[in-house]
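I have placed the structure first, in the form of structure tokens, so that the comments after it can refer back to it.
Protein chains: 2
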Amino acid sequence: MAQSKAHSHKGHAHVWADDLTPNQALVLGILAHADAPLSAYDILDRLRDDGLRAPLQVYRALEKLTERGLAHRLESLNAFVCCADTRRHATGILGFAICEACGRVEEFAEPQVESRLRAWGKASGFVSSRTMIELRGLCRQCASRSS
Amino acid sequence: MAQSKAHSHKGHAHVWADDLTPNQALVLGILAHADAPLSAYDILDRLRDDGLRAPLQVYRALEKLTERGLAHRLESLNAFVCCADTRRHATGILGFAICEACGRVEEFAEPQVESRLRAWGKASGFVSSRTMIELRGLCRQCASRSS
DNA sequence: CGCTGTGATGTTATTTCGTTACAGAGACCG
DNA sequence: CGGTCTCTGTAACGAAATAACATCACAGCG
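Protein chains in written order, with our numbering: chain A, 10 to 156; chain B, 10 to 156.
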């Protein structure tokens, strides 16, 4: 840890967190500027000019970023997005609505969903460490366009 | 369609549905006897003696089985399970609790979770076609053992 | 200074997962 | 008969993820 600024020389980096390593900052920068989820290899391709060469470099950065809630993995897509609201993420379970037309992802929190899942865990004895909620469908714009 | 019995000569097949093709019946038979999720390649390995040779044969069968709700894909695992309760599946959204110790999967339905998600969709304009809910953690037995 | 522990990095090769492309066999329908 | 549809078989490929191993930077300590 303790890695100082970690500003991309391309100007990707922002405020988020100051203690990112250079690779982590590069990856987060790419995710923050993308308007759709990116696979690890997509990210790698966009960072070749910044010196990244192997998938593992990207996967390692993504692992740290997701641990800290700065990025999320979409399991049904094998792809990653930048967290839309770090504050909210800290408070509980997030859901993701993935538009299959435009590719955009909406991040949401539903406290009542969370409490119902917690109640189910209590009743069944299952101790949950991580919860994934993903919806596939059409966002408002795409749904109205295609109707 | 209309493929008759589709009984495996190894005795895998059961009641479920009579109109499965031979390959579909083989795959479903393997899934039904497994006590943990299986990847497509796991399934393929166990069906070599039954004549299956290529991944695609398994993926095609899995596609039909999941369409009909006879099997489910666990996105966070890239693996498949036999549906535990086809009746319940027909009625709505299912969740899956995956034990990271023993590998077993519990399938559950939470109508209130479903209604909350539906409400969110209505409010945000998102038209959902498919919903995935997966929990990772420890089942009752494994949680008590490891405490 | 040298030594040591720890975490991030870099590189190669391999494994695991999933799909594309193409061709054949059988059922059903006109 | 020809046309279409679904299921099937085979080979090759592409995408996603990890294993194994070596290196580098740095902080703490004697």
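Beta carbons: idealized from backbone N, C-alpha and C, even for Gly.
(message) Can you tell me whether residue 60 of chain B is buried or exposed? The criterion is at least 16 other CB atoms within 10 Å of its CB, across all chains shown.
(response) exposed
(request) Specify, as a first and last residue, the run of the alpha helix (DSSP H) that residue 76 of chain B falls within. (result) 64 to 76
(request) Have a look at residue 68 of chain A and residue 80 of chain B and give me their C-alpha separation to the nearest angstrom. (result) 31 Å
(request) Look up residue 85 of chain A in the DSSP assignment and say whether it is helix, strand or coil. (result) coil
(request) Taking 8 Å as the cut-off, decide whether the C-beta atoms of residue 149 of chain B and residue 45 of chain B are in contact. (result) no
(request) Flag this pair as yes or no: are the beta carbons of residue 115 of chain B and residue 106 of chain B separated by less than 8 Å? (result) yes
(message) To the nearest angstrom, how far is the alpha carbon of residue 63 of chain A from that of residue 49 of chain B?
(response) 27 Å
(request) Check residue 126 of chain A in the structure and name its three-state DSSP category. (result) helix
(message) Please identify, using Cβ separations under 8 Å, the residues of the region 101 to 133 of chain B that lie next to chain A, in order along the chain.
(response) 104, 106, 108, 109, 115, 117, 119, 121, 122, 125, 126, 129, 130 and 133
(request) Select from the region 62 to 73 of chain A all residues with a C-beta closer than 7 Å to any C-beta belonging to chain B, and list them in chain order. (result) none
(request) Report whether the distance from the Cβ of residue 81 of chain B to the nearest heavy atom of the ligand HEM is below 7 Å. (result) Annotation note on the ligand HEM: not contained in the displayed structure, which lists no ligands.
(request) Kindly indicate which residue of B:136, B:135 and B:144 has the alpha-carbon position closest to the one of residue 137 of chain A. (result) B:144
(message) What does the Cβ neighbour count give for residue 65 of chain A, buried or exposed, with the cut at 16 atoms within 10 Å?
(response) exposed
(message) Just to confirm before moving on: does the CB-CB distance between residue 29 of chain B and residue 90 of chain B stay below 8 Å?
(response) no
(request) State the CB to CB distance for the pair residue 111 of chain A and residue 151 of chain A, rounded to an integer number of angstroms; the pair is presumed to be in contact (CB under 8 Å). (result) 5 Å
(request) May I ask you to report which of helix, strand or coil DSSP gives residue 108 of chain A? (result) strand
(message) According to DSSP, simplified to helix, strand and coil, what is residue 95 of chain A?
(response) helix
(request) State the beta-bridge partners of residue 137 of chain B as determined by DSSP. (result) A:146
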